[in-house]
Amino acid sequence: MSEERNYSGGGEGGGDRRFFAKPKFCQFCADKMLVIDYKKTDLLRKYITEEGKIRPRRQTGACAKHQRVVAAAVKQARHVAFLPFSGRSLDDNRS
Numbered sequence: 411m412s413e414e415r416n417y418s419g420g421g422e423g424g425g426d427r428r429f430f431a432k433p434k435f436c437q438f439c440a441d442k443m444l445v446i447d448y449k450k451t452d453l454l455r456k457y458i459t460e461e462g463k464i465r466p467r468r469q470t471g472a473c474a475k476h477q478r479v480v481a482a483a484v485k486q487a488r489h490v491a492f493l494p495f496s497g498r499s500l501d502d503n504r505s
């Protein structure tokens, strides 16, 4: 009644590879940039994926405080139509 499972332990081979990540730092803390304005769309586009989603902290390297401010600025810029809600623009739909 017991089922056999094909489970490979994962500990075999490739164990000598190591990933050395470049340490990320908060761009806003380093530049002493205190104001993140929703009107600076060129800055905010760095924190948005091509699909229009806000990038997580582990990708951007921003600290928790500034990531919250960036997220709020992106949402405000979307609300006043400076940034699109999705990655596709209106021109893409006219095919």
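Residue 453 in this note's numbering sits at position 43 of the sequence shown, and the numbers go up by one each step.
Every residue gets a Cβ at the ideal spot worked out from N, C-alpha and C, and that includes glycine.
For residue j and residue i, the rounded distance between their alpha carbons
{"i": "Asp-452", "j": "Lys-432", "result": "24 Å"}
{"i": "Lys-485", "j": "Arg-428", "result": "38 Å"}
{"i": "Glu-461", "j": "Cys-473", "result": "23 Å"}
{"i": "Ile-458", "j": "Lys-442", "result": "22 Å"}
{"i": "Ser-496", "j": "Arg-455", "result": "12 Å"}
{"i": "Ala-487", "j": "Phe-430", "result": "36 Å"}
{"i": "Gly-471", "j": "Gln-437", "result": "8 Å"}
{"i": "Arg-467", "j": "Phe-492", "result": "22 Å"}
{"i": "Val-490", "j": "Lys-449", "result": "10 Å"}
{"i": "Gln-477", "j": "Phe-435", "result": "12 Å"}
{"i": "Val-480", "j": "Ile-464", "result": "9 Å"}
Residues that DSSP places opposite residue i in a beta bridge
{"i": "Ile-508", "result": "With the chain represented from 411 up to 505, any question about residue 508 goes unanswered, as that position is not in the structure."}
Residue i - DSSP class collapsed to helix/strand/coil
{"i": "Arg-428", "result": "coil"}
{"i": "Lys-434", "result": "coil"}
{"i": "Asp-441", "result": "helix"}
{"i": "Lys-475", "result": "helix"}
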